[in-house]
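Listed in order, the protein sequences are those of chains A and B.
Take the first sequence: its letter number 46 is residue 46 in my numbering, and every next letter is one higher.
Take the second sequence: its letter number 229 is residue 1229 in my numbering, and every next letter is one higher.
Structure record follows, encoded as structure tokens.
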Amino acid sequence: MTSLAPPAPRGSTATSAQGGRSGSVAWLAAPAFLMFVAFAIIPLIGVLVLSFTQWDGIGDIHAAGFDSWRSVLRDPGLVHALWVTFLIMILSWAFQTPLSLLIGVYLATRSRYREILAVIYFVPLLLSSAALAITYKALLDPNFGLGAGLGIPLLQQDWLGRDNLALGVLVFVVSWQFIPFHSLIYQSAVRQIPKTMFEASEIDGAGRLRQFFSITLPQLKYTVITSSTLMVVGSLTFFDLIFVLTGGGPGDATRALALDMYKRGFQASLMGPASAIAVILVLVGLGLALLLRRLGGRDATESQMEGV
Amino acid sequence: MERSILSRRNFLGLSMGAAAGVALAGCGSSGPSSSTGGGGTAGSASYWFLTGAPGEGIRTNTVNRFNQANPDSKITATTFQNDAYKTKIKTAIGAGQAPTIIWGWGGGTLRTYAQAGQVEDLTSWFGENAAVKDRLFPSSFGAATIDGKIYAMPAETVQPIVLFYNKRAFEKIGAEPPQTWGDVMDLVPKFNAKNIAPFSLGGQSRWTNMMWLEFLFDRLGGSEVFQAVFDGQKDAWSNPASIQALTMVQDLVRANGFIKGFSSITADSNADQALLYTGKAAMMLHGTWTYGGMAADGGDFVSSGSLGYMNFPPIDGGKGDVSDTVGNPGQYYSISSKATPEQKETAKKFFKEAVLADAEVKEWVDAGAVPIVKGTESAFGASKDADFLKFVYNTSANAKTFAQSWDQALSPTAAEKLLDNIAQLFQLKITPQKWAENMNGVIGQ
């Protein structure tokens, strides 16, 4: 279909139209910009400055040069925390994306019972992470939990007491909580796909599977990127869930970067090194977001609707 | 391609916002501070303390009694869970939002407050009010004293850590409570054979694991071993006694001495106590503060006399004194130096008139705890927990050394490193040698 469409008018006309409009509407960005400066830029500068100081959170702040950075970068704990963060990120992405895509496509069809299902699916997202963590902790308790209560040996594992199991449980709970959100994104994205495409493909003799892989999936390209970015960058900030569920344990098996930062800063009273980790966290987040952006092609604002 | 650059910049912003949010997350967790922190009317003071029976109720009653007697200078109380409080109070003090009365454990944390000038020096006040000081256990002032000055009022109860056991579980295997460490290791396979865990442990809280090391270090090498660490001697953790103690605790872990899944159990949920009183575990090394909870939640477990208790057994060939104990020599109330003069007056009046007044002392004794007030033994006889009270009193009073819990005695930085490494040790992830090496790195910090 696209081959039949005339080339889209791009370049000078589009740019000038854009430029002309942006002048008059720039002030619309002001509230967002102010919030962003107040709650992102200023704290970020504060954290950067703190990373070059020595502070126990209570007394005076002393300049300490690169001491914090040196101690953090030499600490094998940092590499471990990065690795744990990375594992959680990849595993939860790999678990969430296919599932939420399928659920989203399934829910996109407008029929009454699916609408009801959509509401039920949405429930986990309404719960706070801390409440979720406490609930799962109680359910998975090896001595008083679900497995022990029902007498099912398979469920009677030391879920949060073994390294790999604890990590797996974490990924599961995260996914359980966030799959509804991403399903919702996919659901609305699927509904945006013009019906004409499906109708045309039906005339051409395409089956459901073919439609999914040739129309739905390509049309969802940017939704996948958006959803993945949210998952990946969001996974860097998992803190409350891990803190309550495992406390970084057993040992340091689930001690992700954000938790490591908190423990250094607020439990060990080492605000300097904790700030250095916060800066690293920002850099990692930025790097990942940019990388995903690149993967999505040079210009993500280009239209998928050309010729439709 | 102006649009592309613009949108990329937006994206940059988005991700930066997300990451900076992390940096803020720690501060954001500070919770309900605004109404209670620092402010309030001139004479009304704020007071933060811990939740959990029986202490929470008794502390609340003391505050209520004081407020009824002093309608002009009220105290507003806010309560927190143990592990959450430890972080919360530090953040609040650092942010200048401390309550007037700061509840604490004394020791290393109090030292950081004192060095930062955040808590009032009460030395002269105790000088003027000798009667207040003289009625308390002298040993309780050690952890309140920093460089010769008193920065906190010792309060509440003395809480040694003791070995609790379930008599019903011992009857099941027909064994006697352990008299030596050798007995402990012999009991482990016997209990496991009957599907009873030898020891309950809330390992996710980490300081619970630490109590084991505190006793093993003491029984093997005497109280000098940790004293050397506390004094900042180089490589003090590498003492042969400490390596042996660390090895012994790992042997116990390997022999399945602790309840399955101990590393995911928290002490704050009291699950470790539940394991003992439900008979899923036979023994538990824990502070005497758990007695009240077990009596309240354990059905007839305590009232039927099924709960046994003893001091930690000696180790053959160990140098430590059998009477030594470790735990909390008291709890500590400090006054924030950032409070207004009126608030400070209210707090001092509270210390003098309400804290450990007769009514409070009676409530502690009724709850099965030993207040740090001299001459309360006479009141024990009338209590239903008389035996336990006498045991706690004697354990505390007869101890050759009553050491403070390590994580409270050390600075927060060293304590966090200690707890981290202890968790790793119990997971068998690091060797005793590596443990000592890691810990030597933070001696004196």
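Backbone N, C-alpha and C fix where the C-beta goes; we use that ideal spot for every residue, glycine too.
Problem - Within 8 Å, strictly: CB atoms of B:F1217 and B:S1200 - result: no
Practice task
Use the C-beta contact count for A:V123: other C-beta atoms within 10 angstroms, 16 or more gives buried, fewer gives exposed.
Solution key: exposed
Problem - Helix, strand or coil at B:S1046 [DSSP, three-state] - result: strand
Handout entry: Rounded distance between the beta-carbons of B:V1119 and B:S1337, thought under 8 Å
Key = Going by Cβ atoms, the distance from B:S1337 to B:V1119 rounds to 6 Å, so yes, they are a contact pair.
Handout entry: Burial state of A:S68 (16 or more Cβ within 10 Å)
Key = buried
Exercise for the section: Could you tell me whether the Cβ of A:Q267 comes closer than 8 Å to any Cβ of chain B? Expected result: yes
Exercise for the section: Would you please verify whether the beta carbon of A:D75 is less than 8 Å from any beta carbon of chain E? Expected result: The chain labelled as chain E is not found among the protein chains of the depicted structure, namely A and B.
Problem - Pairwise C-alpha distance: A:D158 and B:L1246 - result: 24 Å
Practice task
If I'm right that B:T1062 touches B:A1354 with Cβ under 8 Å, what's the distance once you round it to whole angstroms?
Solution key: 5 Å
Exercise for the section: Check whether the stretch 1391-1409 of chain B touches the stretch 1149-1166 of chain B, taking contact to mean three or more Cβ pairs, one atom from each stretch, closer than 8 Å. Expected result: yes
Exercise for the section: Identify whether B:N1166 lies in helix, strand or coil by the three-state DSSP scheme. Expected result: strand
Problem - Bounding residues of the alpha helix (DSSP H) (the contiguous stretch that carries A:G272) - result: M271 to L295
Exercise for the section: List in chain order: all unbroken alpha helix (DSSP H) runs of 4+ residues lying wholly within the stretch 1212-1297 of chain B. Expected result: 1224-1230, 1240-1254, 1271-1277 and 1290-1297
Problem - Integer-rounded CB distance, given that B:I1058 should sit under 8 Å from B:F1066 - result: With a Cβ gap of about 13 Å, B:F1066 and B:I1058 do not count as contacting.
Problem - Any non-hydrogen atom of the ligand MN closer than 7 Å to B:K1172 Cβ - result: The ligand MN is not among the ligands present in this structure, which contains no ligands whatsoever.
Exercise for the section: Using 10 angstroms around the beta-carbon of A:R294, count the other beta-carbons present and answer buried if the total reaches 16, otherwise exposed. Expected result: exposed
Exercise for the section: Output yes if chain B places a C-beta closer than 8 Å to the C-beta of A:P250; else output no. Expected result: yes
Problem - Contact belief for B:S1304 with B:T1266 at Cβ below 8 Å, rounded distance in angstroms - result: Actually they are not in contact, since the Cβ atoms of B:S1304 and B:T1266 sit about 28 Å apart, beyond 8 Å.
Problem - Under 8 Å between C-beta atoms of B:V1326 and B:P1314 - result: no
Handout entry: Reduced DSSP secondary structure (H/G/I, E/B, other) of B:S1334
Key = Note: B:S1334 maps to strand in three-state DSSP.
Practice task
Tell me whether the beta-carbon of B:G1261 lies closer than 8 Å to the beta-carbon of A:P142.
Solution key: yes
Practice task
Within its chain, find whatever has a CB closer than 7 Å to the CB of A:L270; leave out the 5 residues flanking it on each side and keep chain order.
Solution key: R264
Exercise for the section: Quick one: give me the first and last residue of the alpha helix (DSSP H) that A:Y121 is part of. Expected result: Unbroken alpha helix (DSSP H) run through A:Y121: R112 to L126.
Problem - Counted within 10 angstroms of its Cβ, other Cβ atoms place B:S1411 as buried (16 or more) or exposed - result: buried
Problem - Minimum Cβ-Cβ distance from A:G205 to chain B less than 8 Å - result: no
Practice task
Could you name the residues of chain A that B:Y1309 contacts, counting a contact when the two beta carbons are closer than 9 Å?
Solution key: Simply none; closest approach about 22 Å.
Handout entry: Candidates B:D1183, B:I1150 and B:F1301: closest to B:L1122 by CA position
Key = Among B:D1183, B:I1150 and B:F1301, the Cα nearest to that of B:L1122 belongs to B:I1150.
Exercise for the section: Compute the beta-carbon to beta-carbon distance between B:P1371 and B:S1139, rounded to the nearest angstrom, for a pair I have assumed lies under 8 Å. Expected result: At roughly 13 Å, the Cβ-Cβ gap does not stay under 8 Å, so B:P1371 and B:S1139 are not in contact.
Problem - Straight-line Cα distance separating B:P1240 from B:E1224 - result: 13 Å
Exercise for the section: Consider the Cβ of B:A1423: report whether some Cβ of chain A lies at a distance smaller than 8 Å. Expected result: yes
Exercise for the section: Please report the residue range of the alpha helix (DSSP H) in which B:P1198 lies. Expected result: No alpha helix (DSSP H) contains B:P1198, which is instead part of the beta strand (DSSP E) from A1197 to S1200.
Practice task
Can you pull the chain A residues whose beta carbon is under 8 Å from the beta carbon of B:T1431, in chain order?
Solution key: The contacting residues do not exist; B:T1431 stays about 14 Å from chain A at best.
Practice task
Check whether the stretch 275-287 of chain A touches the stretch 50-59 of chain A, taking contact to mean three or more Cβ pairs, one atom from each stretch, closer than 8 Å.
Solution key: yes
Exercise for the section: If I'm right that B:Y1291 touches B:G1368 with Cβ under 8 Å, what's the distance once you round it to whole angstroms? Expected result: 5 Å
Exercise for the section: May I ask you to list, following chain order, the residues of the stretch 213-225 of chain A that have a beta carbon less than 9 Å from some beta carbon of chain B? Expected result: none
Problem - Amino acids of chain A, ordered along the chain, whose beta-carbon sits closer than 7 Å to that of B:G1094 - result: Going along chain A in sequence order, the residues near B:G1094 (Cβ under 7 Å) are G57 and I58.
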